[in-house]
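Asker: First the structure, which I've put down as structure tokens, then a few questions once you've had a look.
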Amino acid sequence: MNFSQLKERAQQYLPREKMAIVEDACNFAMKAHQGQVRKSGEPYLEHPLQTAFTLAELQLDASSLAAALP
Numbered sequence: 159m160n161f162s163q164l165k166e167r168a169q170q171y172l173p174r175e176k177m178a179i180v181e182d183a184c185n186f187a188m189k190a191h192q193g194q195v196r197k198s199g200e201p202y203l204e205h206p207l208q209t210a211f212t213l214a215e216l217q218l219d220a221s222s223l224a225a226a227l228p
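In the working numbering, the protein residues as written are 159 to 228.
The following block contains the structure:
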């Protein structure tokens, strides 16, 4: 999972100005957790991105998607 997949899904229903909220949250999370991995070796952001993608599939609002990204 990567941000471009999340962005593609969310853009299907969120207006451009709301997408900015999601993009800002993702950029912040990527900077804050750059290079971090879980004990399993998986990149730290994999789970939050998957969670946000699931919320986007349910067409939740931009604030909910942003909240999934720590």
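Beta carbons: idealized from backbone N, C-alpha and C, even for Gly. Small disclaimer: the values here were computed from a predicted structure and weren't measured.
What distance in whole Å lies between the Cβ atoms of C184 and L227, which are believed to be in contact at a cut-off of 8 Å?
Answerer: As a first step, residue 227 must be located in the sequence shown, where it is residue number 69. As a first step, residue 184 must be located in the sequence shown, where it is residue number 26. Contact flag correct, Cβ pair sits at about 5 Å.
Asker: Nearest by alpha-carbon distance to F161: which of E204, H191, K197, E200 is it?
Answerer: For the purposes of this step, residue 161 is taken as the residue at position 3 of the sequence shown. That would be E204, whose Cα lies nearest to the Cα of F161.
Asker: For the alpha helix (DSSP H) that contains Q170, what are its first and last residues?
Answerer: Residue numbering aside, residue 170 sits at position 12 when the sequence shown is read from its first letter. Per DSSP, Q170 belongs to no alpha helix (DSSP H) and is neither H nor E.
Asker: Distance check for G193 and A214, CA to CA, integer angstroms please.
Answerer: Working through the sequence shown from its first residue, we reach residue 214 at position 56. Working through the sequence shown from its first residue, we reach residue 193 at position 35. Each residue's Cα considered, the two are about 25 Å apart.
Asker: Considering only the beta carbon of each residue, do F211 and R167 sit closer than 8 Å?
Answerer: The residue given as residue 211 occupies position 53 in the sequence shown. The residue given as residue 167 occupies position 9 in the sequence shown. Going by C-beta atoms, F211 is nearer than 8 Å to R167.
Asker: Judging by CA-CA distance, which residue of Y202, Q208, M177, A178 is the nearest neighbour of K189?
Answerer: By one-based count along the sequence shown, residue 189 stands at place 31. Answer by Cα proximity: Y202.
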